[in-house]
Amino acid sequence: NPLTARVMANRAWHHLFGQGLVPTVDNFGQMGERPSHPALLDHLAHRFMNSDWSIKDLVRDLMLSKTYRMSSAHNDAAEAIDPNNRLVWRMSVRRLQVEPLRDAMLTVSGRLSTERPEGSPVMSTPISDMRKATQNASPENMTCRTVYLPVFRGFVPQVFQAFDFAEPSQVMGRRDVTTVSTQALYFMNNEFVIKESEHAAKRLLAERLQEDRLNTAYQWTLGRKPTTEEAARATAYLTDIESPKLSSAQQWGSLFQALFASAEFRYLQ
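Residue 355 is where the sequence shown starts when you use the working numbering, and the numbers rise one by one after that.
Structure (structure tokens):
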């Protein structure tokens, strides 16, 4: 059925670009929206079917395209014509979903395990001990990639709830994207964020010389060096919090925590 290929091609586009060619990714019927580029959708579906329904080939085709590699730079003339970017004249700025967001913090701290866990921690757990098993399998206690974390209905971890994880009991092709105070509070207070920040600081202090640490901290978290103003503010902050009660790892860890909480860390742009 050609509809199957169109739906899959549209979902791949949605996950890579932030919005599908058909925005209503779960509804291709009369109640859904019309595709912005119907000929392109047919072309992608046709290529998908001819490549033996290979999702890997479909993703590669999209990511190697000129459209995917565009910047998010603003253009006044294009904005006046297409303010919602339906014609894809730039890359849309979008927030990371919870899986890459958590993985990014583990990568900076140097603790991300790329090995795939074998089975689920609750496979052989009695129902009476289910709550205890879910606590042991919580994101705070595991360093594997987030896509491998077990998800239990009724016991969705805090980080998943804060960053719009899909409802486990429903089929959802498009997640909600919200910006709420609980997300900022998560970065300020959550044990996992604080722990990964301190691990990142310990890694930094062990690997980098004093004069290179600030540049490296920004490079690891934001993928760039700090501006002159940012470097001055960070240096002043580290000087202000110097105290015999705080170790160097705790001081630098608080800086990493601030970088994790920044919009630039959480958004693709």
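Don't be surprised by glycine CBs; every beta carbon is placed ideally from N, CA and C. What you are looking at is a predicted structure, and each value in this text was computed from that prediction instead of being measured.
- By the C-beta density criterion, residue 499 is buried, having at least 16 other C-beta atoms within 10 angstroms.
- Every unbroken stretch of the alpha helix (DSSP H) spanning 4 or more residues and falling wholly within the stretch 559 to 594 is given here in chain order: 567 to 576 and 582 to 594.
- With a contact defined as Cβ atoms closer than 8 angstroms, residue 449 and residue 531 qualify at about 6 angstroms.
- Assignment of residue 467 by DSSP, reduced to helix, strand and coil, places it in the strand class.
- Residues of the same chain with a CB within less than 6 angstroms of the CB of residue 618, apart from the 5 flanking positions on each side, are 576 in chain order.
- The beta carbons of residue 551 and residue 614 sit closer together than 8 angstroms.
- Residue 520 and residue 376 have their C-alpha atoms spaced approximately 20 angstroms apart.
- The stretch 458 to 467 and the stretch 393 to 402 do not touch, with fewer than 3 CB-CB distances between them shorter than 8 angstroms.
- Taking C-beta atoms under 8 angstroms as the contact rule, residue 560 and residue 610 fail to qualify, at a distance of about 14 angstroms.
- Approximately 39 angstroms separates the beta-carbon atoms of residue 401 and residue 463; this is outside 8 angstroms, ruling out the contact.
- Rounded to the nearest whole angstrom, the C-alpha separation of residue 360 and residue 442 is 19 angstroms.
- Residue pairing from DSSP places residue 622 in a beta bridge opposite 448.
- Between residue 387 and the set 426, 539, 355 and 364, the nearest pair of CA atoms involves 364.
- Residues 580, 585, 588 and 589 of the same chain have their beta carbon placed closer than 8 angstroms to that of residue 568, with the five preceding and five following residues left out of the count.
- Sequence-distant Cβ neighbours of residue 528 in its own chain, meaning closer than 6 angstroms and more than five residues away, are 379.
- By the neighbour-count criterion, in which a residue is buried when 16 or more other Cβ atoms sit within 10 angstroms of its Cβ, residue 516 is buried.
- Rounded to whole angstroms, the separation of the alpha carbons of residue 542 and residue 518 is 18 angstroms.
- It is roughly 30 angstroms from the alpha-carbon of residue 522 to the alpha-carbon of residue 403.
- Scanning 454, 425, 433 and 383 for the CA closest to the CA of residue 620 turns up 454.
- Taking 8 angstroms as the cut-off, the beta carbon of residue 467 is found no closer than this to the beta carbon of residue 504.
- Taking a contact as a CB-CB distance under 8 angstroms, the pair residue 357 and residue 416 does not count as one, their CB atoms being some 20 angstroms apart.
- Cβ atoms of residue 608 and residue 595 come within 8 angstroms of each other, at about 7 angstroms.
- Cβ-Cβ distances below 7 angstroms link residue 573 to 579 in the same chain, with the five nearest sequence neighbours on each side left out; the list follows chain order.
- For residue 513, the uninterrupted alpha helix (DSSP H) segment begins and ends at 512 to 516.
- In this structure, the CA atom of residue 408 is about 34 angstroms from the CA atom of residue 509.
- Under a 10 Å Cβ-count criterion, residue 374 is classified as buried, with 16 or more other Cβ atoms of the shown protein chains found around its own Cβ.
- Contiguous alpha helix (DSSP H) elements confined to the stretch 504 to 549 occur at 512 to 516 and 535 to 543, taking only those with 4 or more residues.
- By the neighbour-count criterion, in which 16 or more other beta carbons inside 10 Å mark a residue as buried, residue 622 falls on the exposed side.
- Restricted to the stretch 384 to 439, not a single beta strand (DSSP E) segment is unbroken, complete and at least 3 residues in length.
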